[in-house]
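For the sequence shown, full-length UniProt numbering begins at 1 and goes up steadily by one. For glycine and all other residues, C-beta sits at the position ideal for the given N, C-alpha and C.
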Amino acid sequence: MKAAVVKETLIMDEQDAEGSTSSNSDQEEPYDEEGVLSESPGEESALNGVHQAPTNGHSNGNGNTVHVHDFVEGHSKDAQQGDHHDSVPVLSADESGEESGSYEEEEEEVGVVGVEESEEEEEEEEEEEEEPSLKYERLGGAAGDLLEKDNASAIAVCEKYIAFGTHGGIVHVVDYTGNRKHSYKPHTASINEICFDTTGEFIGTASMDGQTVIHSLTTPESYAFDMRRPMRTISLDPDFARNTSRTFVCGGMAGSLIMHEKGWLGHKETIIHTGEGPIWTSKWRGNLIAWANDLGVKIYDREAQARITYIDRPDDSPRPDLFKCSLHWQDNTTLLIAWADTIKVARIRTRPRNTTGPSALPPLYAEVTGAFQLDCMISGIVPHPMLPSPTAPIADAPKSFLVIAYIPPDKFTNEATVDRAEQARKAANRPELRIISRSGEELSSDELILQDFHLFGCNDYSLAEVEGMPGQCYVVLSPRNIILVRPRDKRDHVEWLVEQKKYEQALEVVETMEGEGVDAREIGQQYMEHLFEEGEFNKAAHLAPKAFGQSEKLWESWVFRFAQQHHLDTIIPYVPTHDPQLPRLIYEVILAHYLRHDVPALLRTIKDWPSNIYDIPAVIVAVQADLDRIPSTSPQGSLLMDCLSELYILNRQPGKALPFLLRLRRPHVFDLIRENNLFTAVQDQALLLVEFDQELVEKRKKDGEKVEGTSPAIRLLVDHTHSIPISRVVQQLKVRPYFLYLYLDALFDKGMGNNKKALYLIIDRLKDVNRAIDFAKEQNDDDLWEDLLRYSETRPPFIRGLLENVGAQIDPIRLIRRIKNGLEIPGLKDALIKILQDFNLQISLLEGCQTILHSDCTDLARQLHKNQTSGFFQNVVIPCMVCSLPLHDSSHSLSLLFLCRHVVHATCASGGQNIPRQTGAALLDMGTPGRAIGGKIAFAAIIRARLDQGCPVCHRMNEGDRGHS
Numbered sequence: 001m002k003a004a005v006v007k008e009t010l011i012m013d014e015q016d017a018e019g020s021t022s023s024n025s026d027q028e029e030p031y032d033e034e035g036v037l038s039e040s041p042g043e044e045s046a047l048n049g050v051h052q053a054p055t056n057g058h059s060n061g062n063g064n065t066v067h068v069h070d071f072v073e074g075h076s077k078d079a080q081q082g083d084h085h086d087s088v089p090v091l092s093a094d095e096s097g098e099e100s101g102s103y104e105e106e107e108e109e110v111g112v113v114g115v116e117e118s119e120e121e122e123e124e125e126e127e128e129e130e131e132p133s134l135k136y137e138r139l140g141g142a143a144g145d146l147l148e149k150d151n152a153s154a155i156a157v158c159e160k161y162i163a164f165g166t167h168g169g170i171v172h173v174v175d176y177t178g179n180r181k182h183s184y185k186p187h188t189a190s191i192n193e194i195c196f197d198t199t200g201e202f203i204g205t206a207s208m209d210g211q212t213v214i215h216s217l218t219t220p221e222s223y224a225f226d227m228r229r230p231m232r233t234i235s236l237d238p239d240f241a242r243n244t245s246r247t248f249v250c251g252g253m254a255g256s257l258i259m260h261e262k263g264w265l266g267h268k269e270t271i272i273h274t275g276e277g278p279i280w281t282s283k284w285r286g287n288l289i290a291w292a293n294d295l296g297v298k299i300y301d302r303e304a305q306a307r308i309t310y311i312d313r314p315d316d317s318p319r320p321d322l323f324k325c326s327l328h329w330q331d332n333t334t335l336l337i338a339w340a341d342t343i344k345v346a347r348i349r350t351r352p353r354n355t356t357g358p359s360a361l362p363p364l365y366a367e368v369t370g371a372f373q374l375d376c377m378i379s380g381i382v383p384h385p386m387l388p389s390p391t392a393p394i395a396d397a398p399k400s401f402l403v404i405a406y407i408p409p410d411k412f413t414n415e416a417t418v419d420r421a422e423q424a425r426k427a428a429n430r431p432e433l434r435i436i437s438r439s440g441e442e443l444s445s446d447e448l449i450l451q452d453f454h455l456f457g458c459n460d461y462s463l464a465e466v467e468g469m470p471g472q473c474y475v476v477l478s479p480r481n482i483i484l485v486r487p488r489d490k491r492d493h494v495e496w497l498v499e500q501k502k503y504e505q506a507l508e509v510v511e512t513m514e515g516e517g518v519d520a521r522e523i524g525q526q527y528m529e530h531l532f533e534e535g536e537f538n539k540a541a542h543l544a545p546k547a548f549g550q551s552e553k554l555w556e557s558w559v560f561r562f563a564q565q566h567h568l569d570t571i572i573p574y575v576p577t578h579d580p581q582l583p584r585l586i587y588e589v590i591l592a593h594y595l596r597h598d599v600p601a602l603l604r605t606i607k608d609w610p611s612n613i614y615d616i617p618a619v620i621v622a623v624q625a626d627l628d629r630i631p632s633t634s635p636q637g638s639l640l641m642d643c644l645s646e647l648y649i650l651n652r653q654p655g656k657a658l659p660f661l662l663r664l665r666r667p668h669v670f671d672l673i674r675e676n677n678l679f680t681a682v683q684d685q686a687l688l689l690v691e692f693d694q695e696l697v698e699k700r701k702k703d704g705e706k707v708e709g710t711s712p713a714i715r716l717l718v719d720h721t722h723s724i725p726i727s728r729v730v731q732q733l734k735v736r737p738y739f740l741y742l743y744l745d746a747l748f749d750k751g752m753g754n755n756k757k758a759l760y761l762i763i764d765r766l767k768d769v770n771r772a773i774d775f776a777k778e779q780n781d782d783d784l785w786e787d788l789l790r791y792s793e794t795r796p797p798f799i800r801g802l803l804e805n806v807g808a809q810i811d812p813i814r815l816i817r818r819i820k821n822g823l824e825i826p827g828l829k830d831a832l833i834k835i836l837q838d839f840n841l842q843i844s845l846l847e848g849c850q851t852i853l854h855s856d857c858t859d860l861a862r863q864l865h866k867n868q869t870s871g872f873f874q875n876v877v878i879p880c881m882v883c884s885l886p887l888h889d890s891s892h893s894l895s896l897l898f899l900c901r902h903v904v905h906a907t908c909a910s911g912g913q914n915i916p917r918q919t920g921a922a923l924l925d926m927g928t929p930g931r932a933i934g935g936k937i938a939f940a941a942i943i944r945a946r947l948d949q950g951c952p953v954c955h956r957m958n959e960g961d962r963g964h965s
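This is how it looks when you write it as structure tokens:
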């Protein structure tokens with residue numbers, strides 16, 4: 001909805017006035033005592049019936065243009081009759097209040113801009129909820145309790161405190177959290193107005209009891225003045241605390257605006273204005289004092305000690321006592337005036353110096369740069385920066401107006417009715433907080449949630465701006481509530497986006513916010529929940545890294561949620577393997593999923609993922625189990641073998657991966673064997689290696705590649721005959737004569753070589769003892785070691801090198817005995833000491849091992865004895881392990897249990913036929929329990945002596961093994 005624009009007017013500047021001098025420019029323009037251009041009472045502008053002063057200029061004797069310095073709407077009773085002008089040129093103004101330089105000839109079209117089109121656009125915009133511009137917070141704490149006891153009537157704010165007066169004449173000072181800082185009672189009736197100085201130290205109050213009181217919050221200083229008539233307004237000098245004059249102005253029902261100044265002999269009173277009805281309100285900024293009475297608003301320049309302008313109140317305005325006037329200094333030169341349903345903006349200008357003009361004019365004058373008529377009554381007005389978006393900086397925002405809109409209830413129209421309900425007073429509507437642009441357009445509107453709003457009228461509400469506080473802050477006062485109003489910031493913008501389920505935009509905004517306490521993960525989770533509800537699993541998976549961040553718990557819970565919805569494939573590409581690294585169970589669940597549904601993806605994942613994030617042996621068991629159930633020659637079998645080979649290599653078990661790589665014919669198998677020294681592992685797979693190698697050779701020949709030299713498999717077998725014995729290779733290759741021929745031919749070409757000559761070259765030519773020792777170790781030939789010792793007898797460096805590298809192959813005593821008497825060997829002492837130290841170390845290690853082995857043998861012997869001598873549970877129907885008859889057959893009176901746990905009849909054992917029968921007294925001696933045990937041991941010894949072959953079952957098994965061998 002748009003407010004109707006009544007008028008926006010500007011005084012013409014010199015450029016606009018050039019060439020447009022009035023026909024009566026030679027006549028003197030009449031001015032009243034305030035320096036305001038007077039007009040005829042009958043003169044009427046096109047401004048909807050509002051009287052308007054002419055704005056024409058006139059020329060002086062020097063040819064310069066003299067401009068009208070004051071713009072007057074309406075006329076005061078003390079205005080004098082002036083020249084009559086036929087028309088008034090009107091300048092349109094943009095939002096900033098600056099002149100556009102174009103005349104509006106058709107007054108009826110002012111403020112009516114595309115109303116029908118705008119209504120259609122608004123209907124379309126209403127379909128999508130707009131984000132609020134403001135946020136609200138009810139002031140709680142002690143403030144709420146105080147307003148429950150007494151209704152508030154006036155309010156003032158400073159950077160630190162909020163002061164509000166009540167109808168009981170009490171002033172309460174609270175901070176912005178609602179905590180009470182100070183309370184006092186300066187009056188006996190309602191407080192009509194309250195104000196701070198710029199320091200926030202002094203508070204001035206005006207009351208219906210006729211008193212004006214100034215009270216200090218930090219010192220005992222206080223002033224009280226009895227004006228003997230109800231006081232409506234008070235304004236302190238902004239520098240009240242710093243100036244010793246303690247100046248302030250006040251006014252009320254007596255109709256006089258009085259300035260009080262402290263002097264040597266007391267306070268001096270100066271009447272600034274009187275005689276135009278009650279003074280309803282006043283505001284002091286810098287050297288300018290603005291006040292409102294029944295006729296309009298006037299501004300006084302304290303420095304010039306003169307009134308500089310008068311802005312009238314329209315004739316058709318409602319009663320000033322029912323709908324108050326609100327004044328607010330936007331800055332040192334801009335006054336906002338809101339009275340009833342009209343807003344006016346007055347700018348204070350400096351009058352150009354003109355030596356030939358009237359000298360009695362004040363140095364300042366005022367222009368009304370904008371006037372708007374709203375569809376409601378206004379209870380308060382402050383400037384407000386309207387942000388293009390909640391994320392834009394306040395400094396870049398254009399100024400607009402923030403007003404409390406009061407919509408009066410429907411009037412009583414049916415005078416003939418006798419219905420008491422219709423005759424009753426109508427309940428007031430809920431007040432609204434609106435943002436109005438400089439062009440008069442309503443930008444936003446919020447209904448205020450206030451207690452008992454239906455009982456209060458327009459004058460019961462107030463709006464104040466908190467200056468000096470970081471960020472914008474406003475205070476709304478109702479008799480029962482105090483509301484803090486702030487522009488919505490990025491955090492509020494994010495909350496609103498989340499409420500509107502615009503999660504993606506919310507996350508984009510959060511990314512630009514640093515250290516502002518907004519949890520992106522919480523918003524991300526809500527977005528994920530929303531996407532799950534909508535079934536957009538791909539989009540949810542793409543969002544996961546941003547939503548979960550470094551939280552392992554979130555990743556874990558949501559991976560399982562995707563799995564429950566059978567959409568695990570969508571989240572797997574986004575699952576992190578580090579920063580954060582998730583629990584192993586998550587990765588194993590993913591691998592198990594791929595094992596069941598996508599084996600190629602399993603192979604890719606095993607290759608891509610780090611091996612330390614999941615349990616490799618567990619995965620090997622699962623893959624091997626699947627491989628055992630399907631043919632290994634199938635495509636899936638090949639993939640599973642690939643997986644197993646990769647897993648074994650990752651698990652540092654390349655030897656177990658080797659059979660799968662050979663079956664899969666992987667070319668890099670030869671490199672794997674060399675890099676991991678797997679020559680022993682392929683001793684029994686020589687034929688498979690050569691077959692695979694020949695397949696690769698044939699394939700290269702078909703592809704046109706040139707094949708030279710010995711194949712890799714044959715070369716590998718020939719180069720490592722010490723690890724892959726020739727005899728074992730020949731035995732395997734006998735079934736393929738061609739392969740055997742290739743192997744033997746390679747061996748022949750390599751040749752066995754002359755080891756003695758090679759050793760001699762190393763000793764005599766290279767003189768490298770370490771290399772000679774390595775060569776002897778590699779050949780593992782005792783004769784070669786003997787040659788090395790013989791060659792070294794006359795070479796001290798070699799003797800020392802051999803002593804320092806004594807190992808299992810060289811006996812140091814044997815070497816020392818070969819040293820010739822008189823041979824000088826540098827470092828011999830150190831070498832011998834090293835040999836002794838090494839032997840001492842070996843002896844210590846052997847002794848330690850012996851202790852460990854002895855302890856282990858003792859423990860095992862005890863365990864064996866315990867196991868052999870413990871009780872044995874026997875079933876009554878168990879058969880004899882020799883004759884297969886029941887052990888407890890009546891014909892066999894005695895059964896034997898051997899330590900090997902075999903149970904047989906005594907008669908089935910060799911030598912068991914002649915065992916004497918045991919008497920009952922021997923088995924149990926009732927008088928002496930110890931003898932009963934001794935009897936059993938004695939009887940067991942008799943049986944053991946009679947059995948010449950021991951356990952018949954074990955004896956038979958041993959005989960069978962000998963027969964087979």
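- In terms of Cα proximity to I258, the closest of L236, I311 and Q500 is L236.
- The continuous stretches of beta strand (DSSP E) do not include G704, and DSSP gives it neither H nor E.
- Shown here for A427: same chain residues with a beta carbon closer than 7 Å to its own, the five before and five after excluded, namely P409 and H454 in chain order.
- As DSSP reads the structure, R349 sits in a beta bridge with Y365.
- At a cut-off of 3 residues, the continuous stretches assigned as beta strand (DSSP E) that sit fully inside the segment 253-313 are 256-263, 266-274, 281-285, 288-292, 296-301 and 306-312.
- Going by C-alpha positions, E691 is about 41 Å away from I572.
- Taking a 10 Å sphere around the C-beta of L853, we find fewer than 16 other C-beta atoms and assign the residue as exposed.
- DSSP places T212 inside the beta strand (DSSP E), whose first and last residues are Q211 to S216.
- DSSP, read as helix, strand or coil, puts M957 in helix.
- Bridge partners of K656 according to DSSP: none are assigned.
- In this structure P796 does not touch L803 by the C-beta definition: roughly 11 Å separates them, more than the 8 Å allowed.
- In the three-state reduction of the DSSP assignment, E824 falls in the coil class.
- Unbroken alpha helix (DSSP H) stretches of 4 residues or longer found wholly inside the segment 724-796: 726-733, 737-750, 755-760, 769-779 and 782-792, given in chain order.
- The three-state secondary structure of R817, taken from DSSP, is helix.
- Three or more beta-carbon pairs separated by less than 8 Å are not found between the segment 872-882 and the segment 932-945, which leaves the two stretches without contact.
- As the crow flies, the alpha-carbon of M231 is around 19 Å from that of H172.
- Assigned with DSSP and collapsed to three states, A189 falls in coil, not helix or strand.
- The three-state secondary structure of K181, taken from DSSP, is strand.
- Burial check for T218: the Cβ neighbour count within 10 Å stays below 16, so the residue is exposed.
- For E465, the enclosing beta strand (DSSP E) begins and ends at S462 to E465.
- In the structure shown, D226 falls within a strand segment according to DSSP collapsed to helix, strand and coil.
- Contact between G296 and I279 is ruled out by a C-beta separation of about 12 Å, above the 8 Å threshold.
- According to the DSSP assignment, L543 belongs to the alpha helix (DSSP H) that extends over F537 to F548.
- Between the alpha carbons of W291 and I272 lies a gap of roughly 10 Å.
- Here the alpha carbon of A563 sits roughly 22 Å from the alpha carbon of I620.
- The C-alpha of I726 lies about 22 Å from the C-alpha of E675.
- Per DSSP, reduced to three states, the secondary structure at G380 is strand.
- Taking the C-beta atoms as reference points, P952 is found no nearer than 9 Å to S895.
- At the C-beta level, L678 and P654 come within 9 Å of one another.
- Following the DSSP letters along the chain, one finds M231 inside the beta strand (DSSP E) bounded by residues M231 to L236.
- In the DSSP assignment, G204 falls within the beta strand (DSSP E) that extends over F202 to S207.
- Under the three-state reduction of DSSP output, T198 falls in the coil class, being neither helix nor strand.
- In terms of Cβ geometry, I613 and R584 form a close pair [threshold 9 Å].
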